[in-house]
Amino acid sequence: MHDQAQRLRTMVAQANRSSAGRDTRVITISSGKGGVGKSNFTLNYALALADQGKKVVILDADVGFANIDVLMGVKPKLTLAELIRKQVTVWDILETGPMGIKFIAGGSGFQDLLDLQPEQFDYLIEQLGLLQGYADYVLIDTGAGLTAQSLRLILAADDIFVVLTPEPTSITDAYALIKMVINREPNARMKLLVNRAQSNEEGREAADKIKLVAERFLNLQIPILGILPDDPNVLRSVKKQVPFYIAHPETVASRSLKQLIQAQLHGEAEQDTSPKGMKQFLHRMARLFR
Ligand SMILES: Nc1ncnc2c1ncn2[C@@H]1O[C@H](COP(=O)(O)OP(=O)(O)OP(=O)(O)O)[C@@H](O)[C@H]1O
Ligand SMILES: [Mg+2]
1 MHDQAQRLRT MVAQANRSSA GRDTRVITIS SGKGGVGKSN FTLNYALALA DQGKKVVILD
61 ADVGFANIDV LMGVKPKLTL AELIRKQVTV WDILETGPMG IKFIAGGSGF QDLLDLQPEQ
121 FDYLIEQLGL LQGYADYVLI DTGAGLTAQS LRLILAADDI FVVLTPEPTS ITDAYALIKM
181 VINREPNARM KLLVNRAQSN EEGREAADKI KLVAERFLNL QIPILGILPD DPNVLRSVKK
241 QVPFYIAHPE TVASRSLKQL IQAQLHGEAE QDTSPKGMKQ FLHRMARLFR
């Protein structure tokens, strides 16, 4: 155990030294209730960021269930499973998707990152650490519900996007997730993304319900990242296995996403000076898995 802690410290020190280039921001996309549109959001958000000249890597952490690769009709040659077996490096499993985005497929053959042997886990952390400076964003798509594994990925990220729909069950489950995260990590930076809203008002009402209870009971301010409309072209794109941002660039979902990103990048350029990046992610992962 002592050796392992030492190895992790060395890795973090290495990541700190390799801080030339850009800071890589790690965002975990999560939800209380499943099926609210996390994977579709993650993929199309990545494409919309690429459209703005950003370099993005998606990490499909919903291991055991192929998701992101199916949504874009790409069959990955190698996955996290091969990485964890230490057969390959992170550069070998980095697949290329449309518009130059990169992704790491979840793979099957292991159930949970928590089941890994210490040296497998160290290797995973070390390899993910190599992405520092390579990409502007690493987006981590998690599976439905809160497993111990997804909670750790959530807690280690710079930003946590909590995706919900305006359905009451989705709202209460999102609040339950927020409460659990903030109990574990009082400094967690969460943002609300309301998906499948019938109107902007409906989306805002759903977000406001959460904002209000979070303020009152958790003394927490949660900003709204954005509201995305319910759009029949999303399902059409899923069936075609072509992301909606590419298959239907002019549909309402694509246009809303574009606006959301432009507003976000504008806001980041203006005020965001908080510490962030893959380096912090590695620190926190190492701490949380111990
Ligand atoms: N904006 C939208 N408008 C209409 N339908 C949508 C929208 N977003 C998602 N959907 C529908 O919801 C389905 C589930 O989406 P997705 O797989 O992205 O959810 P998820 O949260 O990743 O699910 P899981 O929790 O199982 O990982 C899609 O196949 C699509 O039919
Ligand atoms: Mg999903």
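In this text, residue positions in the sequence shown follow UniProt numbering: the first is 1, and each later residue adds one.
Built from N, CA and C at the ideal position, the CB exists for glycine as well.
- When Cβ pairs closer than 8 angstroms are counted between the two stretches, the segment 42 to 58 is seen not to touch the segment 114 to 128, the count staying below three.
- At least one heavy atom of ligand 1 sits closer than 6 angstroms to the Cβ of Lys38.
- Take Ala61, set aside five residues on each side of it, and the residues of its chain with a beta-carbon closer than 6 angstroms to its own are Ile140, Thr142, Leu153, in chain order.
- Beta-bridge partners assigned by DSSP to Met190: Ile160.
- Counting along the chain, no beta strand (DSSP E) covers Asp92; the unbroken alpha helix (DSSP H) around it starts and ends at 90 to 93.
- Residue Leu192 holds the alpha-carbon nearest to the alpha-carbon of Ser170 among Ala157, Ile125, Leu192, Asp159.
- The C-alpha of Val194 is placed about 13 angstroms away from the C-alpha of Asp231.
- In this structure Leu228 is in contact with Leu257, their Cβ atoms being roughly 7 angstroms apart against a cut-off of 8 angstroms.
- Apart from sequence neighbours up to five positions away, the residues of its chain that approach Lys54 with a beta-carbon distance below 7 angstroms are Asp136, Tyr137, ordered along the chain.
- The DSSP-derived three-state label of Asp60 is strand.
- Leaving aside the five residues that flank Ala157 on each side, the residues in its chain whose CB is nearer than 7 angstroms to its CB run, in chain order, Val26, Ile27, Thr28, Ile140, Phe281.
- For Asn187, the CB stays at least 6 angstroms from every heavy atom of ligand 1.
- In this structure, Gly277 places its C-beta atom within 7 angstroms of the C-beta atom of Thr24.
- Using a 10 angstroms sphere on the CB of Thr96, the tally of other CB atoms stays under 16, which defines it as exposed.
- Of the heavy atoms belonging to ligand 1, at least one sits nearer than 6 angstroms to the Cβ of Leu235.
- Look at Asn195: its beta carbon is at least 6 angstroms from all of the heavy atoms in ligand 2.
- In the DSSP assignment, Pro232 falls within the unbroken alpha helix (DSSP H) covering 232 to 240.
- Annotation: the continuous alpha helix (DSSP H) that includes Ser170 extends over 168 to 184.
- Distances taken from the Cβ of Asp60 to the heavy atoms of ligand 1 include none shorter than 6 angstroms.
- Contact annotation: Ile125 and Met285 have beta-carbon atoms nearer than 7 angstroms.
- Of the candidates Gln262, Val234, Leu288, Val234 places its Cα closest to the Cα of Leu71.
- Nearest C-alpha to Ile261 among Leu220, Lys38, Asp51, Arg216: Asp51.
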